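**Student:** The following block contains the structure, expressed as structure tokens.
There are 2 protein chains.
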Amino acid sequence: MSGGPLPTIHEVARLAGVSVATVSKTLNRSGKVSELLQERVNAAAQKLGYAPHASARSLRSGATRILGLLVADLANPYFLKLVESIERLSSAAGYSVILCNSAEDPEREERHLAMLLSQRADGAIVIPTRRGWSGRQAALANLPMPGILVDRRIEGLDLDSVTTDNVALGRLAAEHLDDLGHRRIAVIMGSPEHQIARHRLDGLRSGLASRGVTLDERLIEKDNFSEAAGHAAAMRLLGHAQRPTAIFATNNHLSLGLLRAIAERGLSIPDDLSVIAVDELPWAGLVRPGMTVVTQPSEAIAETTISTLLSRISEGRAEDAARSIQLQPALVVRGSTAAVRT
Amino acid sequence: MSGGPLPTIHEVARLAGVSVATVSKTLNRSGKVSELLQERVNAAAQKLGYAPHASARSLRSGATRILGLLVADLANPYFLKLVESIERLSSAAGYSVILCNSAEDPEREERHLAMLLSQRADGAIVIPTRRGWSGRQAALANLPMPGILVDRRIEGLDLDSVTTDNVALGRLAAEHLDDLGHRRIAVIMGSPEHQIARHRLDGLRSGLASRGVTLDERLIEKDNFSEAAGHAAAMRLLGHAQRPTAIFATNNHLSLGLLRAIAERGLSIPDDLSVIAVDELPWAGLVRPGMTVVTQPSEAIAETTISTLLSRISEGRAEDAARSIQLQPALVVRGSTAAVRT
DNA sequence: CTTCATTAGAAAAACGTTTAACAATCTCGG
DNA sequence: CCGAGATTGTTAAACGTTTTTCTAATGAAG
Numbered sequence: 002m003s004g005g006p007l008p009t010i011h012e013v014a015r016l017a018g019v020s021v022a023t024v025s026k027t028l029n030r031s032g033k034v035s036e037l038l039q040e041r042v043n044a045a046a047q048k049l050g051y052a053p054h055a056s057a058r059s060l061r062s063g064a065t066r067i068l069g070l071l072v073a074d075l076a077n078p079y080f081l082k083l084v085e086s087i088e089r090l091s092s093a094a095g096y097s098v099i100l101c102n103s104a105e106d107p108e109r110e111e112r113h114l115a116m117l118l119s120q121r122a123d124g125a126i127v128i129p130t131r132r133g134w135s136g137r138q139a140a141l142a143n144l145p146m147p148g149i150l151v152d153r154r155i156e157g158l159d160l161d162s163v164t165t166d167n168v169a170l171g172r173l174a175a176e177h178l179d180d181l182g183h184r185r186i187a188v189i190m191g192s193p194e195h196q197i198a199r200h201r202l203d204g205l206r207s208g209l210a211s212r213g214v215t216l217d218e219r220l221i222e223k224d225n226f227s228e229a230a231g232h233a234a235a236m237r238l239l240g241h242a243q244r245p246t247a248i249f250a251t252n253n254h255l256s257l258g259l260l261r262a263i264a265e266r267g268l269s270i271p272d273d274l275s276v277i278a279v280d281e282l283p284w285a286g287l288v289r290p291g292m293t294v295v296t297q298p299s300e301a302i303a304e305t306t307i308s309t310l311l312s313r314i315s316e317g318r319a320e321d322a323a324r325s326i327q328l329q330p331a332l333v334v335r336g337s338t339a340a341v342r343t
Numbered sequence: 002m003s004g005g006p007l008p009t010i011h012e013v014a015r016l017a018g019v020s021v022a023t024v025s026k027t028l029n030r031s032g033k034v035s036e037l038l039q040e041r042v043n044a045a046a047q048k049l050g051y052a053p054h055a056s057a058r059s060l061r062s063g064a065t066r067i068l069g070l071l072v073a074d075l076a077n078p079y080f081l082k083l084v085e086s087i088e089r090l091s092s093a094a095g096y097s098v099i100l101c102n103s104a105e106d107p108e109r110e111e112r113h114l115a116m117l118l119s120q121r122a123d124g125a126i127v128i129p130t131r132r133g134w135s136g137r138q139a140a141l142a143n144l145p146m147p148g149i150l151v152d153r154r155i156e157g158l159d160l161d162s163v164t165t166d167n168v169a170l171g172r173l174a175a176e177h178l179d180d181l182g183h184r185r186i187a188v189i190m191g192s193p194e195h196q197i198a199r200h201r202l203d204g205l206r207s208g209l210a211s212r213g214v215t216l217d218e219r220l221i222e223k224d225n226f227s228e229a230a231g232h233a234a235a236m237r238l239l240g241h242a243q244r245p246t247a248i249f250a251t252n253n254h255l256s257l258g259l260l261r262a263i264a265e266r267g268l269s270i271p272d273d274l275s276v277i278a279v280d281e282l283p284w285a286g287l288v289r290p291g292m293t294v295v296t297q298p299s300e301a302i303a304e305t306t307i308s309t310l311l312s313r314i315s316e317g318r319a320e321d322a323a324r325s326i327q328l329q330p331a332l333v334v335r336g337s338t339a340a341v342r343t
């Protein structure tokens with residue numbers, strides 16, 4: 002069913018008739034070794050199917066070429082995209098990725114963090130859980146390896162981070178809706194304690210304000226980020242005497258609930274009302290009419306994350322101040338938004 | 002920005018006033034050590050924030066407590082579910098997971114496999130790519146650690162595997178459609194070279210046959226598994242003089258293409274035709290009417306995979322024959338299938 | 001008291017690499 | 001022909017654990 006034990010560098014050396022140091026140097030392209038011996042060594046390694054023992058290598062060299070990827074919620078399609086890109090980029094750079102899913106549970110997150118520490122990962126990429134960071138910042142601040150936060154920042158924590166400019170995202174939605182003439186705009190924002198949701202709302206509000214439109218505070222629905230909450234909020238909004246002409250859902254679970262509510266009410270998009278959502282939803286192209294969304298630049302975020310982290314790693318994590326990088330979202334117009342009927 | 006270097010077991014020993022052997026024994030609960038010293042050791046470890054160096058430990062002990070997870074396509078929502086479950090179960094069993102995505106590219110797959118070998122993962126969980134296995138079986142067969150195939154099997158490869166019973170899956174669809182009185186049943190099957198697709202088709206055919214219905218071979222669309230192929234196949238089927246009354250799409254990309262085609266044709270489900278798909282699609286509840294699907298038991302597959310693999314690992318990968326475990330799919334009836342109009 | 005088991009702890013070897021320090025060989029001008 | 005570099009290869013130490021072997025201490029039995 003499976004092969005025998007793997008050869009060590011000593012066996013390669015013996016077969017090639019050289020010392021282990023020579024084998025090591027040839028295989029790592031470090032130090033000088035003659036053409037002749039290089040060939041002999043490579044042939045021997047090939048023949049034996051030699052695969053260097055990563056543990057031994059890391060123990061001696063101090064680098065594991067492993068990156069820890071700690072995700073708050075794998076089921077979130079947006080995070081999945083990030084994971085996919087990060088895995089690809091890491092692998093291309095010669096790093097392996099240990100994947101951890103905390104499922105929004107701070108306890109799991111903490112266990113995983115301890116594990117990554119024991120593994121001596123060369124770097125840690127963290128999409129932190131939403132809650133429970135009040136007393137635990139030290140766990141991240143004192144990480145012995147370079148770390149970087151993605152998508153979500155933690156207030157008061159001095160660590161590199163790469164996020165979407167969520168204020169700009171809200172503003173983008175505002176401008177689009179204003180262009181279409183909407184005045185009665187509702188927001189399903191999720192939890193008001195969550196920084197991202199606040200930023201998106203702020204962006205929307207300020208974007209409208211700069212166009213001379215004021216956001217009706219009674220049309221801001223706050224709760225949590227579940228699909229059920231989105232559904233309930235939508236039902237309330239749709240029941241208002243003066244129904245909003247447009248609804249902005251700040252998260253993909255909320256959008257799902259919103260769409261379900263609209264379908265149940267028998268309303269049609271965009272004739273009865275316009276809908277704008279966040280993120281490239283996997284099914285965004287399927288829903289008729291296509292969803293108008295503001296998208297987060299996931300590929301760019303992944304690239305920036307990896308390049309920042311890798312440079313910290315090779316710099317020997319220089320002590321210069323943490324970088325907070327914000328990337329710009331984009332508007333994708335499809336059929337779910339239309340000019341308000343006058 | 003980050004803490005200093007981590008303490009070694011020697012520093013813990015010195016602080017506790019004992020030898021390193023005693024520290025090791027206490028921390029691993031192996032060997033005898035008095036209550037008193039145990040407390041001293043634990044206190045010292047706690048105080049220093051000691052985290053054992055995984056590489057050193059593996060080098061000496063021979064076990065890494067790492068599992069390799071090599072996925073053919075992370076973007077596939079079904080595989081994602083498997084990844085999620087496997088990560089959770091592994092973590093609970095004290096194993097870390099190195100995630101690799103081959104994106105259906107045999108070359109990437111091979112590189113990843115070599116990496117897992119170098120890492121000396123204790124076990125490998127592989128969802129193999131669809132193609133390119135003709136000459137490369139040895140790479141899996143000669144793996145020095147226990148390996149297990151998930152979801153897809155490789156013909157002629159003697160390795161543990163856990164898959165859905167895809168013939169039963171096809172049969173389930175057949176019985177449901179027959180119960181509803183359908184006779185003109187079409188299949189969008191993807192690539193006929195793919196074992197899974199063939200099994201599902203076989204199941205459908207034999208399921209219908211056992212009810213006395215013969216499947217019209219002209220209504221079997223074969224191509225690849227892309228959404229575009231699904232769309233094109235659907236357009237052909239919908240253009241037939243005698244439109245099928247039900248369509249079975251054997252994969253979630255194909256279903257997406259099918260739904261898009263139906264929408265473009267302006268047809269309505271299930272009034273104009275019934276649709277049955279495979280897998281729990283993330284948006285299956287969103288689409289109106291809900292999709293009737295045959296689901297693969299992903300959680301059970303993950304559990305079986307992990308428990309089988311872990312027992313192989315602790316057994317010292319006993320040489321008894323490879324196990325091929327097949328798990329049963331289930332039918333979930335929603336609104337996309339209806340009795341045929343007589 | 002001595003002797004012998006029994007036990008708790010310490011000392012040291014080993015795991016498979018990398019790499020610093022060293023040795024050997026060659027090149028070549030004087 | 002000699003010796004000073006330059007070049008190529010080797011020897012051995014080190015990385016941080018676990019684990020085997022060994023020692024010292026304790027207590028019971030004779």
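For the record, the sequence lines run as chains X and U. Counting from 2, one number per residue, gives the positions in the first sequence under my numbering. Counting from 2, one number per residue, gives the positions in the second sequence under my numbering. We put the CB at the ideal spot given by N, CA and C, even for glycine. Note that this is a predicted model, so its numbers are computed, not measured.
Can we say the segment 244 to 260 of chain U touches the segment 183 to 194 of chain U, given the rule of at least three CB pairs closer than 8 Å?
**Tutor:** Touching, yes, given that three or more Cβ pairs across the two stretches are closer than 8 Å.
**Student:** Since residue 128 of chain U is in the beta strand (DSSP E), which residue starts that stretch and which ends it?
**Tutor:** That residue, residue 128 of chain U, is in no beta strand (DSSP E); it is neither H nor E in DSSP.
**Student:** How about residue 297 of chain U and residue 90 of chain U: are their beta carbons less than 9 Å apart?
**Tutor:** Cβ atoms of residue 297 of chain U and residue 90 of chain U: not closer than 9 Å.
**Student:** Any C-beta of chain X sitting closer than 9 Å to the C-beta of residue 47 of chain U?
**Tutor:** So, not an interface residue.
**Student:** For residue 311 of chain X, count the other beta carbons within 10 Å of its own beta carbon; 16 or more makes it buried, fewer makes it exposed. Which is it?
**Tutor:** Answer is buried; the Cβ neighbour count reaches 16.
**Student:** What is the DSSP secondary structure of residue 77 of chain U, counted as helix, strand or coil?
**Tutor:** Coil, per DSSP.
**Student:** For a contact defined as C-beta to C-beta under 8 Å, what are the partners of residue 65 of chain X on chain U?
**Tutor:** The answer, in chain order, is 56.
**Student:** Of all the options X/32, X/124, X/222, which has the alpha carbon lying nearest to the alpha carbon of residue 314 of chain X?
**Tutor:** The shortest Cα separation from residue 314 of chain X among X/32, X/124, X/222 belongs to X/124.
**Student:** Mind listing the chain U neighbours of residue 284 of chain X? Cutoff is C-beta to C-beta under 9 Å, in chain order.
**Tutor:** Under the 9 Å cutoff, chain U gives 257, 282, 283, 284, 287, 288.
**Student:** Does the beta carbon of residue 197 of chain X sit closer than 9 Å to a beta carbon anywhere in chain U?
**Tutor:** By this cut-off, residue 197 of chain X is not an interface position.
**Student:** Quick one: is residue 102 of chain U near chain X, going by C-beta distance under 9 Å?
**Tutor:** Chain X contact via Cβ: present.
**Student:** With 9 Å as the threshold, decide whether the Cβ of residue 326 of chain U is near any Cβ in chain X.
**Tutor:** No, its Cβ sits nowhere closer than 9 Å to a Cβ of chain X.
**Student:** Below 6 Å CB to CB, which residues in the same chain sit around residue 42 of chain X once its five sequence neighbours on both sides are set aside?
**Tutor:** Within the same chain, residue 42 of chain X has close Cβ partners 17, 24, 27.
**Student:** Give the residues of chain X in contact with residue 120 of chain U, contact being defined as C-beta atoms less than 7 Å apart.
**Tutor:** Result: 55, 97.
**Student:** Answer yes or no: the CB of residue 109 of chain U versus the heavy atoms of the ligand MN, is any distance below 8 Å?
**Tutor:** With respect to the ligand MN, the structure offers nothing, as it holds no ligand at all.
**Student:** Whether or not the segment 102 to 122 of chain U and the segment 143 to 150 of chain U are in contact is what I'm after, with contact meaning three or more pairs of Cβ atoms, one per stretch, closer than 8 Å; do they touch?
**Tutor:** With the cut-off at 8 Å, the segment 143 to 150 of chain U and the segment 102 to 122 of chain U touch.
**Student:** In the DSSP output, what is residue 148 of chain U paired with across the bridge?
**Tutor:** Answer is U/125.
**Student:** Got a sec? Which residues, its chain only, sit under 7 Å from residue 1 of chain X by beta carbon, not counting five neighbours each side?
**Tutor:** The question about residue 1 of chain X has no answer, for chain X in this structure spans 2 to 343.
**Student:** Could you name each continuous alpha helix (DSSP H) segment of 4 residues or more that falls completely within the segment 13 to 101 of chain U, going from the start of the chain to the end?
**Tutor:** Runs found: 21 to 29, 36 to 49, 55 to 62, 78 to 93.
**Student:** Alpha carbon to alpha carbon, what distance is there between residue 240 of chain U and residue 216 of chain U?
**Tutor:** Residue 216 of chain U and residue 240 of chain U: Cα-Cα distance of roughly 19 Å.
**Student:** According to the neighbour-count rule (16 or more other Cβ atoms, all chains shown, within 10 Å of its Cβ), is residue 82 of chain X buried or exposed?
**Tutor:** The residue in question, residue 82 of chain X, is buried, as its Cβ has 16 or more Cβ neighbours within 10 Å.
**Student:** Pull up the distance between the alpha-carbon of residue 259 of chain U and that of residue 278 of chain U, whole angstroms please.
**Tutor:** Taking the straight line joining both Cα atoms gives about 10 Å.
**Student:** Starting from residue 115 of chain X, find everything on chain U with Cβ-Cβ shorter than 7 Å and list it in chain order.
**Tutor:** Correct list: 52.
**Student:** Mind listing which residues of the segment 131 to 158 of chain U have their C-beta closer than 8 Å to chain X's C-betas, in chain order?
**Tutor:** Taking 8 Å as the Cβ-Cβ cut-off against chain X, the residues of the segment 131 to 158 of chain U that qualify are 142, 143, 144, 145, 146, 147, 148.
**Student:** So that I know if they touch, is there some Cβ in chain X lying closer than 9 Å to that of residue 316 of chain U?
**Tutor:** Not an interface residue.
**Student:** Can you tell me whether residue 157 of chain U is helix, strand or coil according to DSSP?
**Tutor:** Three-state result, residue 157 of chain U: coil.
**Student:** Indicate whether at least one CB of chain U lies closer than 9 Å to the CB of residue 71 of chain X.
**Tutor:** Chain U, which has no Cβ nearer than 9 Å to the Cβ of residue 71 of chain X, makes this no.
**Student:** Identify, in the order they occur along the chain, each residue of the same chain with its Cβ nearer than 6 Å to the Cβ of residue 2 of chain X, setting aside the five sequence neighbours on each side.
**Tutor:** With a pLDDT of 46 at residue 2 of chain X, under the threshold of 50, the modelled position of that residue is not reliable, and the figure given next carries that caveat. The answer is none, since no qualifying residue turns up.
**Student:** To which residues does DSSP link residue 163 of chain U through a beta bridge?
**Tutor:** Its beta-bridge partners are U/151, U/326.
**Student:** Assuming residue 192 of chain U and residue 167 of chain U are in contact, meaning their beta carbons sit under 8 Å apart, how far apart are those beta carbons, in whole angstroms?
**Tutor:** With 8 Å as the limit, residue 192 of chain U and residue 167 of chain U do not qualify as a contact, their Cβ atoms being about 14 Å apart.
**Student:** Mapping DSSP to helix, strand and coil, what is residue 263 of chain X?
**Tutor:** Residue 263 of chain X: helix per DSSP, three-state reduction.
**Student:** What did DSSP end up calling residue 2 of chain U once you bin it into helix, strand or coil?
**Tutor:** Low confidence applies to residue 2 of chain U: its pLDDT is 47, below 50, so where it sits in the model is not reliable, and the reading given next is rough at best. Residue 2 of chain U falls in the coil class under three-state DSSP.
**Student:** Name, in chain order, the residues that DSSP records as bridge partners for residue 110 of chain U.
**Tutor:** Paired residue(s): none; residue 110 of chain U is not in a bridge.
**Student:** Among U/208, U/140, U/329, which residue has its Cα nearest to the Cα of residue 176 of chain U?
**Tutor:** The candidate whose alpha carbon is nearest that of residue 176 of chain U is U/208.
**Student:** DSSP three-state label for residue 291 of chain U, please.
**Tutor:** Residue 291 of chain U falls in the coil class under three-state DSSP.
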